[in-house]
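A short worksheet on the structure shown next.
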Amino acid sequence: MTPFASDGTRAAADPGSRIAYLDVVKGNNETGAFYWWDGQRLVDQDGSDKNAQGVAYGTDPLLPNEQAIKPFAYFRSEVSRLFRTATNKNDRGGLQFPDWYLFRRGQRFPSTGNMPMVGESQERPAVFSAYGPMREPRPAICARLPDGGEAPGRQVAVFSWSSGGGTGATYSKIVSLEFANGERYRVGGIGGRFTSNRDDDPNWKRSYLRFEDCLLRGGTHGFDPCGNVRTEVFRCIVTGIWNPKAHNQGFGPGHSGTDSQKEYHETSLEDCIFYKNGYKTDPATDPNPRRDIFSRNFYMAANPPLGLVFKNVISADGASGGPQMRFGAKIENSLIIEGYWFSSTGSNGKFAYWLPEQKGSTAIVRNNVQFPYKFPNPNQPSPEGKSSPEAQPGGGYRLGGASYGAIVEGNVISGAMMLNDLGFTEDTRPRFGSALGIEPKVMEVEGKSYTQRDNTVRNNILYRTERGLVLGGDYQKCSDISFENNAVCAEMPIDLSGLQTGDAKSLKVANNRFYFTGQPNAFDINPDSKQTNAVSLEEWEKAGHGVAASGNTVAPAQAAAQKEKWPDPDRTLKRYVKEVLKLELVPDDPMGLKTFMTVATCMRKGGSVQTPRSGQPKPADYEWDNAFTAQAVVNWVREGFGLPPVS
93 MTPFASDGTR AAADPGSRIA YLDVVKGNNE TGAFYWWDGQ RLVDQDGSDK NAQGVAYGTD
153 PLLPNEQAIK PFAYFRSEVS RLFRTATNKN DRGGLQFPDW YLFRRGQRFP STGNMPMVGE
213 SQERPAVFSA YGPMREPRPA ICARLPDGGE APGRQVAVFS WSSGGGTGAT YSKIVSLEFA
273 NGERYRVGGI GGRFTSNRDD DPNWKRSYLR FEDCLLRGGT HGFDPCGNVR TEVFRCIVTG
333 IWNPKAHNQG FGPGHSGTDS QKEYHETSLE DCIFYKNGYK TDPATDPNPR RDIFSRNFYM
393 AANPPLGLVF KNVISADGAS GGPQMRFGAK IENSLIIEGY WFSSTGSNGK FAYWLPEQKG
453 STAIVRNNVQ FPYKFPNPNQ PSPEGKSSPE AQPGGGYRLG GASYGAIVEG NVISGAMMLN
513 DLGFTEDTRP RFGSALGIEP KVMEVEGKSY TQRDNTVRNN ILYRTERGLV LGGDYQKCSD
573 ISFENNAVCA EMPIDLSGLQ TGDAKSLKVA NNRFYFTGQP NAFDINPDSK QTNAVSLEEW
633 EKAGHGVAAS GNTVAPAQAA AQKEKWPDPD RTLKRYVKEV LKLELVPDDP MGLKTFMTVA
693 TCMRKGGSVQ TPRSGQPKPA DYEWDNAFTA QAVVNWVREG FGLPPVS
């Protein structure tokens, strides 16, 4: 077997997936060697399973005999030729082999230099992962200053690729790595942004990236895969992303499937945790990090419709609101502790290019739990006044744009945290304390108008919010929109104050149970947002406004729990932390979120410490524990409303 061609690159005759081990302590770029896996043993380029001293390399590629192997120290330009297959213009096709690059657990790698992420296919991806005893932490891939120090300033690339139409990242799996202090640099991200193929050429082949058990902590940019790519993210944690100058997101694909950007772009996130991303100052050091209205945990887009999937995801205390699913999404079994979240069919005046097709569904929002969040609040003041009050306004979910075929069902949006933990009262609750909005927008595409149609909102619980169902936008050309079989417990169960046309044609409001916390006259019929004209349910139904209303009932809020058979509807995350996890709250934690995340953001596969069930938790190398995931909290809250668990 000849490992290298005459020009120093790997020979075309070199079969299989090479394994390169990297160890900043024991590694040496002059003597480092590649290994192969034959299904049972590690072997070297000569096919031997032992080194020159007769010591076996081992039988597990992720746990090799470190006394036998010869690791590299790091990726730098002087050794980059060893990792290449060929050279040609823009490096295209230069690395089409599914090699494995394994970093030593427990070490920090301050610079990786030029590490193109290129595999052969989805079935034979390149692998970037960890080796060594599982009891040791993930290896940390760190950005590095040109002088060799690590700091949150201008930093060099962690993973890099060729610009100007190069291959980018293709067919790769990234498993059990930590990315620290990433920052945008030139055309790409550093520490988290992964371009894929040619994002300017929709005919270029599609790519595939999978992230598993990874941690992105700190730095100025989170996940940002862009181009023709399918991205899978499983059990990853993103926290503390911030940037004082530019917009930044915990997860934000760079392109959106708009009219001018028609590339394939599909993303799924499962069992993930996104906490405190999108700030202008560092949330790790600033006790009151500055928020604006432009950055957050999620700023998402996908193509085709429902190409964006959330399942069992936590989005909590981002700088500005929750998931912005601007081009539709499927989101299920997730926990949202944010001041608003929405799905739509456009962004910044641009429409989804698939909008005229009117096929399928643009949104499935099912079995999620949201605790609307308002900042500042009585128990979390902002004395400096440096954050925008609109960043986390205390609102709920909104179905917007020209959404069609949408299903919004089985969700719980509860104001219990706002009232019981954050210090608001029924009188001081923010005006933005709405639970669910249906707000159509007419979108013009090549002279033809599109707006909402065939949307169903059913079997949801909207509990203890200032407003329940909020109708806004333009309903003139809508068709077949229904709000049915929901339980709404609010000061104003229905609010029409945002309607632009004065009525809500083609809207069916049927068989809902409305419970008012204010006056019996709790239904707004005045479309003028500057005034409120509240009437009884009977008067509201008679007023018309184009609404087909039937079978609805109304009762005081005090009767809701008994009538609905809710055994314990006032459950919050704070109660979950104290009653289920049996933990004491850390200081300055009125809603239990800091305590929960002290453990949750430190979890990983193979962690050396069990998660605590007593006392005040501290950061540690915790084993992944499902009790600290969205689904566990969602099911506990659902149980309080007499609902079955989700799976």
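Numbered by the numbering used here, the letters in the sequence shown go through residues 93 to 739 in order. Yeah, the Cβ is synthetic: ideal placement off N, Cα and C, and Gly gets one too. Remember, predicted model here, so these are calculated numbers, not experimental data.
- DSSP places Thr693 outside both helix and strand once states are collapsed to three, so it counts as coil.
- In this structure, Ser506 sits near Gln462, with a CB-CB distance shorter than 9 Å.
- Beta-bridge partners assigned by DSSP to Ala232: Arg200, Glu270.
- Between Gly492 and Gly565, the CB-CB gap stays under 9 Å.
- Counted as a single uninterrupted DSSP element, the stretch harbouring Glu731 is not any beta strand (DSSP E) but the alpha helix (DSSP H) occupying residues 722-732.
- Per the coordinates, the alpha-carbon of Glu583 lies some 57 Å from the alpha-carbon of Leu194.
- When the five nearest sequence neighbours on each side are left out, the beta carbons in the same chain lying within less than 7 Å of the beta carbon of Pro659 are those of Gly732, Gly734, in order along the chain.
- The straight-line gap separating the alpha-carbon atoms of Pro217 and Lys265 is approximately 6 Å.
- Here the alpha carbon of Phe164 sits roughly 24 Å from the alpha carbon of Leu308.
- Excluding residues up to 5 positions away in sequence, Val678, Pro709, Lys710, Pro711 lie with their Cβ nearer than 8 Å to the Cβ of Thr690 in the same chain.
- In the same chain as Ser541, and ignoring 5 residues on each side of it, the C-beta atoms closer than 8 Å to its own belong to Val534, Met535, Lys569, in chain order.
- With respect to the 9 Å criterion, Ser574 and Ala602 are classified as neighbours on the basis of their beta carbons.
- Annotation for Lys655: no beta strand (DSSP E) segment contains it, though the alpha helix (DSSP H) segment containing it runs 652-656.
- Exposed is the label assigned to Thr645, since fewer than 16 other Cβ atoms lie within 10 Å of its Cβ.
- Ranking Asn503, Gly119, Ser439, Met226 by CA distance to the CA of Val457 puts Asn503 first.
- Taking C-alpha positions only, Gly370 is separated from Gly431 by approximately 14 Å.
- In this structure Glu518 is exposed. Its beta-carbon is surrounded by fewer than 16 other beta-carbon atoms within 10 angstroms.
- In the DSSP annotation of this structure, the continuous segment of the beta strand (DSSP E) that includes Ala582 starts and ends at 579-591.
- For Met510, the enclosing alpha helix (DSSP H) covers residues 508-512.
- Counting the other Cβ atoms within 10 Å of the Cβ of Lys634 gives fewer than 16, which makes it exposed.
- Close CB contacts of Asn718 within its chain, under the 7 Å cut and outside five residues either way in sequence, are with Ala724 (chain order).
- Taking the CA atoms as reference points, Glu358 sits about 9 Å from Pro397.
- Within its own chain, the residues whose Cβ lies closer than 6 Å to the Cβ of Phe303, once the five positions on either side in sequence are excluded, are Ile266, Val325, Cys328, listed in chain order.
- Our two residues, Gly438 and Phe315, have alpha carbons roughly 21 Å apart in a direct line.
- C-alpha of Val401 to C-alpha of Leu361: approximately 6 Å in a straight line.
- Annotated three-state conformation of Phe516 is coil, per DSSP.
- The beta carbon of Lys478 sits closer than 6 Å to those of Arg382, all from its chain and outside the five residues before and after it, given in chain order.
- Taking C-beta separations shorter than 6 Å and ignoring five residues to either side along the sequence, the partners of Val549 in its chain run Val500, Phe575, following chain order.
- Looking at the DSSP output, Tyr300 bridges to Arg322.
- His339: not part of any beta strand (DSSP E); DSSP gives it neither H nor E.
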